[in-house]
Amino acid sequence: MTTMLGKMSPSITSMIRMDHTHVLAAFHQYQVDTPARVKKGLVDNICLALEVHAQLEEEIFYPAMREVSPDETLDKAKPEHDEMRDLIARLRALQPTDPAFDTTLFELMRTVMHHVADEETQLLPKAERLLAGQLSEMGARMTKRRLQLLGPRSGELAGSMARSMSTGTMFAAAGALAAAGGILLARRASAPSQGGRTAWLNPGRWGH
Ligand SMILES: [Fe+2]
Ligand SMILES: [Fe+2]
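If you count by UniProt numbering, then the sequence shown holds residues 1 to 208, one letter each, in order.
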């Protein structure tokens, strides 16, 4: 695809790194003494972000990598996503006041950190060597698909953001959904986003 959108889009590798950064930032906001309501909001945001991110990678990024360089890291990526999905299902079945909520969240955090390390030190550099001419077009496809996936879940995203921000701190949890979430939330609020609270969600601030 040689459309203007494809040429102007941030690369898919930049988008993947940005998703990782925001999920890790949300993990860092979670502490054992965080109020239960805020814990629930953070976890809802983390889970939604991970589900969307994993699906985008599985549909767009991993197949492209498999064509140019199948390897062991790629082979274990999907099973690691499935491990995350199991932990997400367990978290959703727990109350935030249950001590198992903390331990399950920390287990998810450990799994995600390990997985992100493999992607950022192996898969993304390899993609930038082998798929250099396609990364922006893939980024555009990822944004389009993200909007499709998040559209039906915009209410869920807005609710979890509101709960997780109730401490009054500007945390980055929902930034994991930056590309589409910012657009969806800005639309929902129907308020100017430039310079306001939603400005940081603007995908235009992403680098290439
Ligand atoms: Fe990833
Ligand atoms: Fe992944």
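By construction, the Cβ of each residue, glycine as well, lies at the ideal position given by its N, Cα and C atoms.
query = Leaving out the 5 sequence neighbours to the left and right, which residues in its chain are closer than 6 Å to E80 when beta-carbon positions are compared?
reply = The answer, listed in chain order, is H115.
Same chain only: Cβ atoms within 6 Å of R141, ignoring 5 sequence neighbours per side = The beta carbon of R141 lies closer than 6 Å to those of I60 in the same chain, with the five residues before and after it left out.
inquiry  = For ligand 1, I want to know if I16 counts as a neighbour, meaning its beta carbon is within less than 7 Å of at least one of the ligand's heavy atoms.
reply    = Within the cutoff, so yes.
request  = Enumerate in chain order the residues of its own chain whose CB-to-CB distance from A127 is below 8 Å, with the five nearest sequence positions on each side excluded.
outcome  = I12, T13, F61, A64, M65 and L135.
ask   = Should T121 go down as buried or exposed, given a rule of 16 or more other Cβ atoms within 10 Å for buried?
value = Looking at its Cβ environment, which holds fewer than 16 other Cβ atoms inside 10 Å, T121 is exposed.
request  = Can you grab the Cα-Cα spacing for the pair S154 / A162, in whole Å?
outcome  = For S154 and A162, the distance between alpha carbons rounds to 12 Å.
query = Does DSSP classify T97 as helix, strand or coil?
reply = It is coil, neither helix nor strand.
inquiry  = Tell me whether A54, by its Cβ, gets closer than 7 Å to a heavy atom of ligand 2.
reply    = With a cutoff of 7 Å, A54 counts as near ligand 2, since its C-beta is closer than that to a heavy atom of the ligand.
ask   = Within 7 Å: the Cβ of V68 and any heavy atom of ligand 1?
value = Flag unset: Cβ of V68 not near ligand 1.
message = Taking 6 Å as the limit between beta carbons, can you name the residues of its chain near G139, skipping five residues before and five after?
response = Counting only Cβ-Cβ distances below 6 Å, and skipping sequence neighbours, we find S9, P10, S11, I12 and M15.
ask   = Would you call T44 buried or exposed, if buried means 16 or more other Cβ atoms sit within 10 Å of its Cβ?
value = Contrary to the premise, residue 44 reads as Asp rather than Thr in this sequence. D44 comes out buried.
Residues near V23 by beta carbon distance below 7 Å, same chain, minus five either side = Once the five neighbours on either side are set aside, the close Cβ partners of V23 are I46, A49, L50, V112 and A176.
task = Look at the Cβ atom of P99, then the Cβ atom of K40, and state whether they are nearer than 8 Å.
result = Not in contact: P99 and K40 (Cβ atoms no closer than 8 Å).
message = If we require 3 or more residues per run, which beta strand (DSSP E) segments fall completely within the UniProt domain "Hemerythrin-like" (12–127)?
response = Listed in chain order, nothing qualifies, since the UniProt domain "Hemerythrin-like" (12–127) has no complete beta strand (DSSP E) run of 3 or more residues.
inquiry  = For E156, which residues in the same chain have their Cβ closer than 8 Å to its Cβ, ignoring the five residues on either side in sequence?
reply    = Within the same chain, and ignoring the five residues on either side of E156 in sequence, the residues whose Cβ sits closer than 8 Å to its Cβ are D44 and L48.
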